[in-house]
Structures are given as C-alpha cells and as structure tokens.
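Everything in the sequence shown is counted per full-length UniProt numbering, starting at 1 for the first residue and increasing by one.
C-beta atoms are modelled at their ideal positions from N, C-alpha and C, and glycine is treated no differently.
Step one of this worksheet: look at the structure below.
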Amino acid sequence: MLKLLVSNLYCSHHLTPAIRVRSNPVNSLLFKSLTQLTGWNRSSLGLRAFSSDTDSSAAIASTKTHLNDCLTVIALPLLHKPLIPGFYMPIYVKDPKVLAALQESRRQKSPYAGAFLLKDDDAESTDSSSSSETENILEKLKGKELFNRIHEVGTLAQISSIQGEQVILIGHRRLKITEMVSEDPLTVKVDHVKDEPYDKDNDLIKATYFEVMSTLRDVLRTTSLWRDQVRTYTQACSLYIWHCLRHIGDFSYAKLADFAAGISGANKYQIQGVLEQLDIHTRLGVTMVLVKKELEINKLQESIAKAFEEQFKGERHRMLLKEQLKAIQAKLGVETDAKTALYEKFRGRIDPIKDKIPEHVLKAIEEELTKLKMLETSSSEYDVTHTYLDWLTVLPWGKSSDENFDVSRAEKILDEDHYGLSDVKERILEFIAVGRLRGTSQGKIICLSGPPGVGKTSIGRSIARALDRKFFRFSVGGLSDVAEIKGHRRTYIGAMPGKMVQCLKTVGTENPLVLIDEIDKLGVKCHDGGPASAMLELLDPEQNANFLDHYLDVTIDLSKVLFVCTANVIDTIPRPLLDRMEVISLAGYITDEKMQIARDYLLKTARRDCGIKPEQVDVSDAALLSLIENYCREAGVRNLQKHMEKIFRKIALNLVRKGTSLEVPANSDVVTDTEDSKPLAKTDLESPEATSAEGSTVLTDELATGDSTEPKTEQSVVVAETVEKFVIDESNLEDYVGKPVFHAEKIYEQTPVGVVMGLAWTSMGGSTLYIETTFVEEGEGKGGLHITGQLGAVMKESAEIAHTVARRIMHEKEPGNQFFAKSKLHLHVPAGATPKDGPSAGCTMITSLLSLAMKKPVRKDLAMTGEVTLTGRILAIGGVKEKTIAARRSDVKVIILPEANRSDYDELAENVKEGLNVHFVDKYDQIFELAFGYDH
1 MLKLLVSNLY
11 CSHHLTPAIR
21 VRSNPVNSLL
31 FKSLTQLTGW
41 NRSSLGLRAF
51 SSDTDSSAAI
61 ASTKTHLNDC
71 LTVIALPLLH
81 KPLIPGFYMP
91 IYVKDPKVLA
101 ALQESRRQKS
111 PYAGAFLLKD
121 DDAESTDSSS
131 SSETENILEK
141 LKGKELFNRI
151 HEVGTLAQIS
161 SIQGEQVILI
171 GHRRLKITEM
181 VSEDPLTVKV
191 DHVKDEPYDK
201 DNDLIKATYF
211 EVMSTLRDVL
221 RTTSLWRDQV
231 RTYTQACSLY
241 IWHCLRHIGD
251 FSYAKLADFA
261 AGISGANKYQ
271 IQGVLEQLDI
281 HTRLGVTMVL
291 VKKELEINKL
301 QESIAKAFEE
311 QFKGERHRML
321 LKEQLKAIQA
331 KLGVETDAKT
341 ALYEKFRGRI
351 DPIKDKIPEH
361 VLKAIEEELT
371 KLKMLETSSS
381 EYDVTHTYLD
391 WLTVLPWGKS
401 SDENFDVSRA
411 EKILDEDHYG
421 LSDVKERILE
431 FIAVGRLRGT
441 SQGKIICLSG
451 PPGVGKTSIG
461 RSIARALDRK
471 FFRFSVGGLS
481 DVAEIKGHRR
491 TYIGAMPGKM
501 VQCLKTVGTE
511 NPLVLIDEID
521 KLGVKCHDGG
531 PASAMLELLD
541 PEQNANFLDH
551 YLDVTIDLSK
561 VLFVCTANVI
571 DTIPRPLLDR
581 MEVISLAGYI
591 TDEKMQIARD
601 YLLKTARRDC
611 GIKPEQVDVS
621 DAALLSLIEN
631 YCREAGVRNL
641 QKHMEKIFRK
651 IALNLVRKGT
661 SLEVPANSDV
671 VTDTEDSKPL
681 AKTDLESPEA
691 TSAEGSTVLT
701 DELATGDSTE
711 PKTEQSVVVA
721 ETVEKFVIDE
731 SNLEDYVGKP
741 VFHAEKIYEQ
751 TPVGVVMGLA
761 WTSMGGSTLY
771 IETTFVEEGE
781 GKGGLHITGQ
791 LGAVMKESAE
801 IAHTVARRIM
811 HEKEPGNQFF
821 AKSKLHLHVP
831 AGATPKDGPS
841 AGCTMITSLL
851 SLAMKKPVRK
861 DLAMTGEVTL
871 TGRILAIGGV
881 KEKTIAARRS
891 DVKVIILPEA
901 NRSDYDELAE
911 NVKEGLNVHF
921 VDKYDQIFEL
931 AFGYDH
C-alpha cells in the first residue's frame, strides 16, 4: 500500500522502476485501470524520469560512485519493515558517529548504505514495544551484537537527504553480507545479489504475473484508503508517482513482485521473505498470496461496513417512521405517543392527592415532569427520569390504613397465635390502649430479644393483624451495604431506592408494621459508617420524620411506621442503636408451655400439612413429654415442630404403603392380618352390588368381613383399604424420630464430693452444668489450681477468685487445715467441647473447692448461680428466667440466687416458680450454710 511520508514511522513508498527506451506505458492495462480510478493523465503530471538502475541513478543525485563499486557499506538496522528496491523509507539515526559517517559519505559523492532488517529477540518483541522502547533497543545494540541481530539479506540504499536525525533512504538492489569490517559504526562487506535466470516466455510465470496485476487492480478499485493515499501522495510527490504509474505496465516480473510486496500491508517477516527470494516464479507466488490476502481483507472490510450501514439505515428509517406516526396521531387526535401517555399516567397519579403530597416533593415531581416532556425517548436520561417519576408518584403520600384500637380483639388475636408470652402481649396491649386514648398511634421501635424458635417473627405478624396494619418484613442479617437501607444515588446504573421506600410502595400505606429481622447480625462497620449508622436515622423517632433516601433525594415521613426488630442477643447491637429501642425479652418456654403449644398448635399444623385426618393419629402426652425432654430441649419450639412433622411424614408413608400393597385378586379371600386394623374390601366399579347410583363405592358388612356369597367374575378386583389408627407413645417414639439426642442433665442423684451444680445462660436458653474439682497431688509447695473445660477469660478469672476466697474461708473455718496450701487441684467444667464464659459461676466454684477441702458433699437437689467478689459479696447475674427453667427441667428443688435478682424472680410466671425453694443471698457465708449446714 502506498503511504504518506510520516516523520515518526518507518514507512515504505514506491519509487520509479526502470524505464525502457521507446516503451509505450500508456497502453498498460494496469495503468489504464489506475488512471480510471484516480483520474490521472499524462498531461497532469511531470515529465522527468529516473530509475533505480545504474544508468539512471544520476537522475536522482549526481554521484561519482558506481553502484557496482559499493562493496563496503555502513549497515543501518531497520526495525519495522525491510526496504524494498524501488521504494524509499525515512529512518532516524540517533548515533552521532553513524550520522557523521553518513554525512561524510555524501560529501565524498558516495551516498550509499546498507539497510538490513533487525531480527527480533525473544526477550524484546518490537511488535509490542512503543517507539521509544525500540529506539532504546537500537541505542543499546553496537558492533558485534548488532551484526548478529541483522538479517544477511538487505537493500543497497541511496542516502537521498539528511535533515537533523532524519535520513531518507531510497532502495536500489539486493545485498548480502559477507563479513564485518568495523564495529563503530558498523560497516560490512557485501555482495550484490542478482535474481536467478528465468524464462520470460514460461506460461506459468506469465499467468502468475497477470494474476498479480489483476489482483492489484482489484485492490485499488475496492480500497478507498489506497486510492486516497495515492491521490494525496501525488500532490506531494507528483514527479515520483508519475514515473511509478507511467511505466507500471513495463514492470519486469521481478519489479512487479517487489512493487506488490512493497505496497501490501504484510508483516515484516513476509516482506523479508520476498526480499530474500531470488527465484522469480516463487517470488511472484509469495507476492500473489500477500496481495490476495489484502483483497480478502478489503472485501471483509466492505462487508462489515455494509452491514453497519444497513443497520444504521434501518434505525434511521425506524426513527423517521416514528416521527411520521406521531405527526399523524397529532393531526387525527386519536392516540397519544408513549411520552404523552407516561406524562398523563404520572399526572393522573398525583392530581387526586396533590393536597396531601408535601410541598418539596410536589416541586420535585413537577420539575421532573417538565424535564420528561423535553427529553427524547431515545435518550438515556429519559429512562432515568421515567423510573424516578414512577417511584415518586407511586408512593402512598398521605394514605394510611384505618387502625383498630379494640384491646379485647387484639388480646384475643394474640392469644390465638401464641401461648404464654404474657409480658410481650401486655406491652402490645399498652401500645394499643395509648393509641385509643390519643385517637392516633405514633410509630414505635420495639426489639424482641430471645433465642431462636420462640416466636419473635410470628409475634410481629400477630401485632400487625391485631392493629389492622399492613405487614412488611426484611432481614438485615449480614447486611453490609448502606444502599440497601438508604438507596443508591441515581447516577449509578441500575440504582434502586432503599428498603423502606420499597416497603411503602409494596404495602401502599404510610403506617405499616415493619419487622426488621436479625438486627443483631448487621454487617461489620465499613469506611462510610456501615449499615448500623444508617439504621440510626431510620429507627430514631426524632429523625425518621424526615428520612432521606439517596435515590428519591427528597425526605419522607416514617414517623407513623411501627418498627419491630428481632434479635437473638442484644450484646452485638451497637449501643446507640440499642438506645433507640424498647427491648422485650423472650426467654423461652418451659416444658409445660411446650406441651400446651405442641397440643394446641404444632400437632394440628403438622397433621394438616401432611394430609392426615385427626382420627388416624393419636399422640400421647407421654410421647410429647419424651419428645420435649429427650429431643427438643432448646428454648424455642422450632425443633419440636420439625420432629412432629417428621413423625407425621412417616405415618403418611405407612398409610400410602399399606393402601397400595394390599391389592389382591377378586377370587381370593380377603383376610384380616392385623388385630389393630379393620380391612375394608372395595369391589370393582362394574359390580352393581358394590356401586351406588352415583358411582361411589359402597362398603357392606359382608364385603368388610369377606363373607359375601355373591358370585365374582374373574375380571373383578378386590382392593383392601386399611383404616388404621396410629398411636404414638413413649414406647414407639424412637421408631419415628430415632434415638434420643439428649440425656438427663442431672448426672448425679447425689452429687459427690467436689461436684456442685451451677446454672448457665446460653443463646438457646438456660442449662445446668456441673463444676468438678478433684485432688491431684499433695506436698509442700504443691498448692495450685489447674483449670480445663474450654473456659473464657472471665470464667478463668472467676476460678482464680474462687480459689482465693475458698482458701480464706477454709482458713477462717478450720485454721489448721493446710489442704489448699499443700494440694494441687484440678477444676473442670464439662462438656469440654462447649465454649463457656461469664462471671456467674463464681459461687459454684467456691462451693466445689470447699466441698473437696472438707470432704463433704453439698445437699441434694441444689443448684446455684452468682458472681462473687474477693470479699465474698454476691453480685447480680442475668438470665434468671432461663436459669430457673433449666433448674426445673433437671428436677432441682433448691435454687440459690443473688439478692439483687429478687425482683427478676418475682416477675416470673407462677407456673415457672411452682415447686421451687429459692434462697436469695448477698454474702457467700449464707451459701456456705445452705450448701453444707445440714445433717449428712
């Protein structure tokens, strides 16, 4: 391809080939084709000719040195492309010595040098290097290293001009390096390479020659880029291009191959292959492949351009038709366009409630409606405005649901949905009562805290049903993106409002009940504050009246929303957030409550979900009790529900199996095979004796007992249906739910020496645990305490305090007892695989150490909890209800609690406190008397 001379590229341009005397170039077919494509003629171009041959070299520059005498030349490396004879190339020479040598050769009337393509190194690929990097490569290569990096075959180049560092080279003939003469600058001895002899009349060579010419013509005709560059080059170098094109038809076979390779866009290795090829037929063949490839690329380019043009034309035509359709519809007035329809839809939403929409929101809507009318539907901003208006106008501005403040009705609904939980129900009823007196209810933030499965989420639904409010729930467990609450900025692609805006759109009222689940599991704090900071604004009654969603960018009123949050533990809730909530604790259910819930709620639900009729199953109270105590000891009832569903699924499977496996032939007797089941024989519908007029099956006594004397055909079939009642009791419970998961927490009927039962709180409820202390060895200076049981830091400190207090008490009670001073003890809290921590085991540890020291066990059926100071004071603890429930579950009769927790115990329901003997203490001396002051 012909290219313009660009100062910063290594380009190749064609120069005039040899001119034959008395030739008629205008008769060339290729020249005629080029003339038709470019519009050139003989009169419009210069007249002067020159050649790359020896005889015409004076036409370019007045030289005294004959080309054949140039046997020693300066070697110039070429990076991007070899120089083809008949073409010129600008290069930059950075080396001052090389530049001086070239200028000196011009002054001596020997302006020639050798141009050789630089070989690629594996570590330095010039194809992917920038021009500055390639210049650095040339600067590093000197002497022998440069000699080894250049190709042997190159081009004898005339130095046409030198302007600063730019040197213009004109290629004349092929060279081959024989040896290196000097290193700086690199000078080499060369041989002038001649083409191999060939037969000009060879038909194969002629055919290849004409095919190359034909392909060149097609390329020039189909490629506008080549034509434009040729036309531009003509204006800059009309003399050169005239002689290039004037005698193109007079090219020898070798010259045509060089010309085609030089103007092609092939890579440097392919062009170097043409330069090194001396067999004319092979050179023509290689060149033809290169030109054919250019032609195919041009055709592909044309097809791509055509496809894009057709696509663009189709879009433009479609737009034109849309505009015409809009104009026709406007004239007829029968239908509006999409933009007008949207505008009218949004206007229809806000006009009826315009007096209820806040002024700042109405202003924003009007501005966006004005913008929508001016935007084109094809604009990306149109879609953003459309979506934004859709959200703004769909929100329930000023629309609230009518609340029901009937306290009796609300109490009935709460009792229907939940058993127990009197404190929670009382708080909800208080809220409803205040709303009735005021005539309206303001939004509140209630946090229900308790272990899993106690009904926190379902309570939220019941509250909404009792108040006749719409209900919306979303979970924030693991939430780490503030945009989920506050919304995305509209500048982002796919931006959406936050959860609260989505809630208002879904429920369609301003005063729903919103349940925020798992608020204790909010994501960790981020660089922008995290979701907990965003929840502060949402749940603060003083701020949520002007809640700002990032997407809407206008404030909305959330003060009428009733927020109910749920959490398993409140310790992980950020303190500022917890301060805005009213926390109601749900400690869990005792065994009696679980029995009632199972009988009234869970059994009915599980049986209905499995499609079993009430008369088909009977679950005894003993089975329920065993299920609760041996399989489902957690504070909630979710696991109990799963086990009941498992029981009914197995019953359903047994019913189906027995119903499908009892098909027998009609001529066989139907025999009752179980005492508990009563088989009923159902005849084929074709038998009139067993089918009613409506076609339903009639079961007679004879059929049921198999004593029917009616004749039976061989084709009839008797199907035995077993109506069986499954009784689930303690004896067969394992057949349905497997082996018991839990065993009795009470390991000892009478605790041995050094063992005391404590009470602990867990996220699953309360539990009992034993603290065991044993003697290891005795001796002077052996006194010490070893602690195991996967205890936390606080519990380890409690053990150290207990050891100190126990030594003091023993010294006071028995001054001569040196047990602690001389004995190495081991304190363990089973089970070892369960992590434990907390301060409330202090009194239990002291009692265990003293029991071992006095070799006296504590009284039977005793459990205790409380934190102890070094002076023996008993401090308050938490989880009184959970620990009391755990004590009852283990048949404990006597409980020791801190005096500071008396009010917590008094608030417990009577059924929880029933049968317990509770002692409240504020000093350890009182515990000592209760634990050891008895006649053993």
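Taking Cβ positions, are residue 432 and residue 471 nearer each other than 8 Å?
Taking the first residue of the sequence shown as position 1, residue 432 is located at position 432. Taking the first residue of the sequence shown as position 1, residue 471 is located at position 471. In this structure, residue 432 sits away from residue 471, with a CB-CB distance that is not shorter than 8 Å.
Once the 5 residues before and after residue 175 are set aside, which same chain residues still bring their CB inside 6 Å of it?
Position 175 of the sequence shown, counted from the start, is the residue given in the question as residue 175. The residues are 114, 154, 156, 190.
Which of helix, strand or coil DSSP assigns to residue 536:
The residue you call residue 536 lines up with position 536 of the sequence shown. In this structure, residue 536 counts as helix in the three-state DSSP scheme.
Would you report the Cα separation of residue 741 and residue 627, rounded to the nearest angstrom?
Here residue 741 is taken as the residue at index 741 of the sequence shown, counted from 1. Here residue 627 is taken as the residue at index 627 of the sequence shown, counted from 1. Cα to Cα, residue 741 sits roughly 10 Å from residue 627.
Between the Cα of residue 120 and the Cα atoms of 72, 88, 268, which residue gives the shortest distance?
As a working mapping, residue 120 is identified with position 120 in the sequence shown. The shortest C-alpha separation from residue 120 is found at 268.
Reducing DSSP to helix, strand and coil, say where residue 484 ends up.
The residue given as residue 484 occupies position 484 in the sequence shown. Helix.
By the three-class DSSP mapping on this structure, what secondary structure does residue 656 have?
Mapped onto the sequence shown, residue 656 falls at position 656. Residue 656 sits in a helix when the DSSP states are folded into three classes.
Out of curiosity, what's the CA-to-CA distance linking residue 457 and residue 388?
Counting from 1 along the sequence shown, the entry for residue 457 is found at position 457. Counting from 1 along the sequence shown, the entry for residue 388 is found at position 388. Near 33 Å, if we compare the C-alpha coordinates of residue 388 and residue 457.
Check this for me: beta carbons of residue 598 and residue 729, under 8 Å apart or not?
To locate residue 598, count along the sequence shown from 1; it is residue 598. To locate residue 729, count along the sequence shown from 1; it is residue 729. Cβ distance not < 8 Å, so residue 598 and residue 729 don't count as in contact.
Length of the line joining the Cα atoms of residue 878 and residue 761:
By 1-based counting over the sequence shown, the position of residue 878 is 878. By 1-based counting over the sequence shown, the position of residue 761 is 761. Their Cα atoms are separated by approximately 8 Å.
Cβ pair residue 448, residue 566 closer than 8 Å:
Taking the first residue of the sequence shown as position 1, residue 448 is located at position 448. Taking the first residue of the sequence shown as position 1, residue 566 is located at position 566. Closer than 8 Å, so yes.
Euclidean distance between Cα positions of residue 373 and residue 339
Counting from 1 along the sequence shown, the entry for residue 373 is found at position 373. Counting from 1 along the sequence shown, the entry for residue 339 is found at position 339. Distance between the alpha carbons of residue 373 and residue 339 is about 7 Å.
Measure from the alpha carbon of residue 103 to the alpha carbon of each residue in 161, 68, 797, then state which is nearest.
For the purposes of this step, residue 103 is taken as residue 103 along the sequence shown, with counting starting at 1. Of 161, 68, 797, the residue nearest in Cα terms is 161.
Residue 816 versus residue 825 - alpha carbon distance:
Working through the sequence shown from its first residue, we reach residue 816 at position 816. Working through the sequence shown from its first residue, we reach residue 825 at position 825. For residue 816 and residue 825, the distance between alpha carbons rounds to 19 Å.
Label residue 576 either buried or exposed according to how many other C-beta atoms from any shown protein chain fall within 10 Å of its C-beta, with 16 as the threshold for buried.
Counted from its first residue, the sequence shown places residue 576 at position 576. Its Cβ having fewer than 16 others within 10 Å, residue 576 is exposed.
For residue 927, count neighbouring Cβ atoms within 10 angstroms of its own Cβ and tell me buried if that reaches 16, exposed if not.
To locate residue 927, count along the sequence shown from 1; it is residue 927. Residue 927 should be labelled buried.
Residue 610 (DSSP reduced to helix, strand or coil):
For the purposes of this step, residue 610 is taken as residue 610 along the sequence shown, with counting starting at 1. Coil at residue 610, not helix or strand.
Helix, strand or coil: how does DSSP classify residue 350 here?
For the purposes of this step, residue 350 is identified with residue 350 of the sequence shown, where counting begins at 1. Looking at residue 350 - three-state DSSP - the assignment turns out to be helix.
Below 8 Å between beta carbons: does that hold for residue 792 and residue 855?
Locating residue 792 in the sequence shown gives position 792, counting from the first residue. Locating residue 855 in the sequence shown gives position 855, counting from the first residue. Their beta carbons are not under 8 Å apart, which means residue 792 does not touch residue 855 by this criterion.
To the nearest angstrom, how far is it from the Cα of residue 271 to the Cα of residue 310?
The sequence position of residue 271 within the sequence shown is 271, counting from 1. The sequence position of residue 310 within the sequence shown is 310, counting from 1. So the two alpha carbons sit approximately 37 Å from each other.
For residue 108 and residue 256, I'd like the C-alpha separation in whole angstroms.
Within the sequence shown, numbered from 1, the residue matching residue 108 stands at position 108. Within the sequence shown, numbered from 1, the residue matching residue 256 stands at position 256. Rounded to whole angstroms, residue 108 to residue 256 spans 34 Å at the Cα level.
Beta-carbon proximity check, residue 396 vs residue 568, cutoff 8 Å:
By 1-based counting over the sequence shown, the position of residue 396 is 396. By 1-based counting over the sequence shown, the position of residue 568 is 568. No, the Cβ-Cβ distance between residue 396 and residue 568 is not below 8 Å.
Continuous alpha helix (DSSP H) stretch holding residue 359: start and end:
Working through the sequence shown from its first residue, we reach residue 359 at position 359. Where residue 359 is concerned, the enclosing alpha helix (DSSP H) stretches over 359-374.
Who are residue 168's beta bridge partners in DSSP?
As a first step, residue 168 is located in the sequence shown; it is residue number 168 there, counting from the start. Bridge partners of residue 168: 90, 161.
Taking C-alpha atoms, which residue in 152, 146, 187, 148 lies nearest to residue 105?
In the sequence shown, counting from the first residue as 1, residue 105 sits at position 105. Distance check between residue 105 and each of 152, 146, 187, 148 places 187 closest, using alpha-carbon atoms only.
Below 8 Å, can you find three or more Cβ-Cβ pairs linking the region 509-517 to the region 474-484?
The region 509-517 makes contact with the region 474-484, as at least three CB pairs between them are under 8 Å.
Secondary structure of residue 742, DSSP reduced to three states:
Walking along the sequence shown from the start, residue 742 turns up at place 742. Looking at residue 742 - three-state DSSP - the assignment turns out to be coil, as it is neither helix nor strand.
Looking at C-beta atoms only, is the number of pairs between the region 837-856 and the region 792-809 that lie closer than 8 Å three or more?
yes
Within the continuous beta strand (DSSP E) that includes residue 917, where are the two ends?
If you number the sequence shown from 1, residue 917 lands on position 917. Its beta strand (DSSP E) spans residues 917-921.
Would you kindly work out how many angstroms separate the C-alpha atoms of residue 211 and residue 287, rounded to a whole number?
Counted from its first residue, the sequence shown places residue 211 at position 211. Counted from its first residue, the sequence shown places residue 287 at position 287. Each residue's alpha carbon lies about 10 Å from the other.
Going by beta carbon distance, what residues of the same chain come within less than 8 Å of residue 365, once the five residues before and after it are set aside?
For the purposes of this step, residue 365 is taken as the residue at position 365 of the sequence shown. Its chain contains 346, 350, 357, 389, 392, 393 as the residues whose beta carbon lies nearer than 8 Å to that of residue 365, once the 5 sequence neighbours on both sides are disregarded; these appear in chain order.
Assigned secondary structure, residue 381 (DSSP; H/G/I helix, E/B strand, else coil):
Position 381 of the sequence shown, counted from the first residue, corresponds to residue 381. The answer is helix: DSSP assigns residue 381 an H, G or I state.
So what does residue 867 bridge to, in DSSP terms?
Taking the sequence shown and counting its residues from 1, one reaches residue 867 at position 867. The partner list for residue 867 (beta bridge, DSSP) reads 875.
Tell me the DSSP bridge mates of residue 116?
Residue mapping note: residue 116 aligns to position 116 of the sequence shown, counting from 1. In the DSSP output, where bridge partners are listed per residue, residue 116 has 77.
Consult DSSP for residue 269 and reduce its assignment to one of helix, strand or coil.
Numbered from its first residue, the sequence shown carries residue 269 at position 269. The answer is helix: DSSP assigns residue 269 an H, G or I state.
Report, in whole angstroms, the separation of the C-beta atoms of residue 911 and residue 402, which I expect to be a contact under 8 Å.
Reading the sequence shown from its first residue, position 911 is the one you call residue 911. Reading the sequence shown from its first residue, position 402 is the one you call residue 402. Actually they are not in contact, since the Cβ atoms of residue 911 and residue 402 sit about 38 Å apart, beyond 8 Å.
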